[in-house]
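Chemist: The structure's right below; bear with me while I get my questions together.
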């Protein structure tokens, strides 16, 4: 699956802190400190966040179109019901980040540390997770449409009411998954992974 990259113009206006505005376009936020900021329902279009700190920021109902998060700390940020379209998360920290009921369209997560990421009730359309740590992530009631996981660690992640049919998980670590067994039907795994997952059925493979 090939995704369209975020559409970022060459002439960005640089900011080192967040202006008191509701809409942002063609902005570069460089090493801006936005921890604990309240940014509900703000709109970001054609923007780049580079090495920014947004820990515990409240971005509920925010909108992101053609946005890049590059080496940002988004730990425990609240993106509940936010909308992401053509967005790239590059080597970001998303530990404990909340994306409940968010909408993800054409979104890439590459090399991110996303332990405890909450993706419950997220609607996806063309989403890629590549080389991400998703240990103990919550993937519950996700609406899955064209999602790819490549070389990701989903150790002890929770998969519940999220059909995995057709998803190729052969390059991923699936140890200790907490799952609703019917959701695993049609998931593509290696023989070794199948042996590990069979323990969920109480089988003993010899």
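Residue numbers (our numbering): 5 to 210. Where is the CB? At the ideal position from N, CA and C, for every residue including glycine.
Between which two residues does the beta strand (DSSP E) holding residue 142 run?
Modeler: First-last of the beta strand (DSSP E) with residue 142: 142 to 144.
Chemist: Along the beta strand (DSSP E) that carries residue 101, what are the first and last residues, could you check?
Modeler: Run containing residue 101: none; DSSP gives neither H nor E here.
Chemist: Measure the Cβ-Cβ separation of residue 175 and residue 159 and say whether it is below 7 Å.
Modeler: Cβ atoms of residue 175 and residue 159: not closer than 7 Å.
Chemist: Do residue 144 and residue 113 have their C-beta atoms within less than 7 Å of each other?
Modeler: Not closer than 7 Å, so no.
Chemist: Can you tell which of 57, 75, 82 has its C-alpha closest to the C-alpha of residue 46?
Modeler: Among 57, 75, 82, the Cα nearest to that of residue 46 is on 82.
Chemist: Among the candidates 188, 120, 202, 8, whose CA atom is the shortest distance from the CA of residue 91?
Modeler: Measuring from the Cα of residue 91, the nearest candidate turns out to be 8.
Chemist: How far does the beta strand (DSSP E) with residue 50 in it extend, from its first residue to its last?
Modeler: From DSSP, the beta strand (DSSP E) with residue 50 extends over 47 to 54.
Chemist: Among 117, 152, 36, which residue has its Cα nearest to the Cα of residue 6?
Modeler: Of the candidates 117, 152, 36, the one whose C-alpha sits nearest the C-alpha of residue 6 is 152.
Chemist: Nearest-angstrom Cα distance between residue 42 and residue 66?
Modeler: Cα to Cα, the separation comes out at about 11 Å.
Chemist: By Cβ distance, which residues of its chain are closer than 8 Å to residue 193, with the 5 residues on each side in sequence left out?
Modeler: Excluding sequence neighbours, residue 193 sits near 173, 174, 178, 201.
Chemist: Is it buried or exposed for residue 23, if we count other Cβ within 10 angstroms and need 16 for buried?
Modeler: Answer is exposed; the Cβ neighbour count stays below 16.
Chemist: Using a Cβ-Cβ cutoff of less than 7 Å, which residues in the same chain neighbour residue 148 once the five nearest sequence positions on both sides are dropped?
Modeler: So the list reads 128, 166, 167, once near-sequence residues are dropped.
Chemist: What do you get for residue 14, buried or exposed, if any count of 16 or more other CB atoms within 10 angstroms of its CB means buried?
Modeler: So residue 14 counts as exposed.
Chemist: Closest to residue 39 by C-alpha separation, out of 60, 118, 130, would be which residue?
Modeler: Looking at the Cα atoms, 60 is the closest of the given residues.
Chemist: Can you tell me whether residue 10 is buried or exposed? The criterion is at least 16 other CB atoms within 10 Å of its CB, across all chains shown.
Modeler: The residue in question, residue 10, is buried, as its Cβ has 16 or more Cβ neighbours within 10 Å.
Chemist: Which residues mark the beginning and the end of the beta strand (DSSP E) in which residue 132 is found?
Modeler: Element bounds for residue 132: 127 to 134.
Chemist: How is the alpha helix (DSSP H) around residue 200 delimited, first residue to last?
Modeler: Unbroken alpha helix (DSSP H) run through residue 200: 195 to 202.
Chemist: Among 50, 98, 62, 76, which residue has its Cα nearest to the Cα of residue 121?
Modeler: Of 50, 98, 62, 76, the residue nearest in Cα terms is 98.
Chemist: When you compare each of 146, 16, 44, 21 to residue 123 by their alpha carbons, which one comes out closest?
Modeler: Residue 123 has its Cα closest to that of 146, out of 146, 16, 44, 21.
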